[in-house]
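Here's the structure, in structure tokens; my notes come after.
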């Protein structure tokens, strides 16, 4: 099996608590892996470590066969991230932001890359507009363009469609499905939108209290826990004590 | 080192400045006001002081030098704070930029920001007060270089604090220069300070820079030892500041500050 992301016994301790307690998982090429869990379950900490923003207390992260701690810059050039909680500079135009990030990622044919993303993400009319004045749906598409400017091999998505209306949310999900297929990238998706996870992910990790309490495909998890849908599985696992699994 | 990446970070701030006329005006406005104010004070002292009576423009020249230091230091901090205020911090630190590339890019950008403000202010001094800072001759370059290095050193130190402690360190960013100004002996000779303060002042490069500026303008004598002592001290502080920045980055990765600042 060819894994683009390999996580082994990953731990993160802060002085007063263990945020992540020895989790292991892999993401295959072209796979979208869902990361679910209630607030405070360790999802953000895990993504923080996968982005190099946090140093693991123990364990190992390998991306594209390279150890993160010893190849940080090389790995960062191959990954990217979107979250509604971080923004692009508001005073810059969309085109300026994409140009800046294209340069930060040292993209050689930047003009062509921006043209490609502009077409795919319907940004034509937004390019010369100031980013801070866009609607949340428009900002989301611009953030997606920024996250794809470096042709990442692995994309980390934290609530990529939060606060979007259903039409734009659907557009983003369809875009991600197509883009993943065409470009053979791997995606880690953290989301509280169970329909989104069911649609996009063939495999899911359920986290609670810093550990992975269950994993499998959406249909397997629904069957295993005797529930009607993934949301009910999520509620059951979130409310129960994970020791019982 | 990758020039494209460093240029990218410079471009981010260049776009920000050039897109906003109020920002450009803000960069020019304060140095010009500062220099004009000190120009009039300088004129008054030149007429009424025996210490300054042979050197019209000593205070004004020192004011320009201090303003350059102030703008460089605050300019560096502002570049860092902009990323925090715009919630762009995470995007910057997940980009494949080495810490050295971030520092160099911000050092160059801070210089350009400082010069945008200072050049018009310097140009004002000649028609308004009949004074030219160029009277310092070729040594002006060395004095500016020293101030520039110390300014960015302070900027790097404060940014290291922001990385380590988060936005709560912002107030320190604004107050650093005011804290050090009394020890810099910008407008007065070091002998004015109490002995204990003199000892502290001698550990800073500022006192050598401003003593030398006055020495050149008042006595028409150049003491290269002052200039080189300032440069040597600057190098020591710069190395400490850069080391501290790397240390703070590593601590921030351990403590999770990079995530907390970014959101």
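Residue numbers (the numbering used here), protein chains in the order written: chain A, 133 to 377; chain B, 1011 to 1273. C-beta: ideal position from N, C-alpha, C; glycine also. In this text the structure is predicted, and so the values were computed from the model without any measurement.
Any idea if residue i is buried or exposed, counting beta-carbon neighbours within 10 angstroms, 16 or more meaning buried?
i: residue 1031 of chain B; result: exposed
i: residue 1206 of chain B; result: exposed
i: residue 358 of chain A; result: exposed
i: residue 210 of chain A; result: buried
i: residue 256 of chain A; result: exposed
i: residue 177 of chain A; result: buried
i: residue 133 of chain A; result: exposed
i: residue 1015 of chain B; result: buried
i: residue 1238 of chain B; result: exposed
i: residue 1222 of chain B; result: buried
i: residue 375 of chain A; result: Confidence is the limiting factor: at residue 375 of chain A the pLDDT is only 46, short of 50, which leaves the residue's position unreliable, though a coordinate-based value still follows. Exposed is the call here.
i: residue 285 of chain A; result: buried
i: residue 144 of chain A; result: buried
i: residue 1170 of chain B; result: buried
i: residue 246 of chain A; result: buried
i: residue 1123 of chain B; result: buried
i: residue 1349 of chain B; result: The displayed coordinates of chain B run from 1011 to 1273. Any statement about residue 1349 of chain B would go beyond what the structure contains.
Taking C-beta to C-beta, are residue i and residue j nearer than 7 Å?
i: residue 1143 of chain B; j: residue 1132 of chain B; result: yes
i: residue 175 of chain A; j: residue 339 of chain A; result: yes
i: residue 219 of chain A; j: residue 1097 of chain B; result: yes
i: residue 170 of chain A; j: residue 181 of chain A; result: no
i: residue 994 of chain B; j: residue 1176 of chain B; result: This structure leaves residue 994 of chain B out entirely; chain B is present only between 1011 and 1273.
i: residue 226 of chain A; j: residue 259 of chain A; result: yes
i: residue 1194 of chain B; j: residue 1086 of chain B; result: no
i: residue 1174 of chain B; j: residue 1258 of chain B; result: yes
i: residue 1158 of chain B; j: residue 1082 of chain B; result: yes
i: residue 1218 of chain B; j: residue 1072 of chain B; result: no
i: residue 159 of chain A; j: residue 318 of chain A; result: yes
i: residue 198 of chain A; j: residue 207 of chain A; result: yes
Assuming residue i is part of the alpha helix (DSSP H), what are its boundary residues?
i: residue 1018 of chain B; result: 1013-1028
i: residue 1278 of chain B; result: The structure shown does not extend to residue 1278 of chain B, since chain B spans only 1011 to 1273, so no value can be given for it.
i: residue 1232 of chain B; result: Here residue 1232 of chain B belongs to no alpha helix (DSSP H), and DSSP marks it neither H nor E.
i: residue 235 of chain A; result: 226-236
i: residue 255 of chain A; result: Careful: residue 255 of chain A lies outside any alpha helix (DSSP H) and carries neither H nor E.
i: residue 1185 of chain B; result: 1180-1194
i: residue 205 of chain A; result: 204-208
With DSSP collapsed to three states, give me the class of residue i.
i: residue 346 of chain A; result: strand
i: residue 1275 of chain B; result: Here chain B comprises residues numbered 1011 to 1273, so residue 1275 of chain B is not present and cannot be evaluated.
i: residue 338 of chain A; result: strand
i: residue 1047 of chain B; result: helix
i: residue 1104 of chain B; result: coil
i: residue 1169 of chain B; result: helix
i: residue 291 of chain A; result: coil
i: residue 275 of chain A; result: helix
i: residue 165 of chain A; result: strand
i: residue 1099 of chain B; result: helix
i: residue 1247 of chain B; result: helix
In terms of residues, what are the limits of the beta strand (DSSP E) holding residue i?
i: residue 194 of chain A; result: 190-195
i: residue 1140 of chain B; result: Segment: none, residue 1140 of chain B is in no beta strand (DSSP E) and carries neither H nor E.
i: residue 150 of chain A; result: 150-160
Inter-stretch contact (C-beta, 8 Å, three-pair minimum) for the region 293-307 of chain A and the region 323-334 of chain A: A contact exists between the region 293-307 of chain A and the region 323-334 of chain A.
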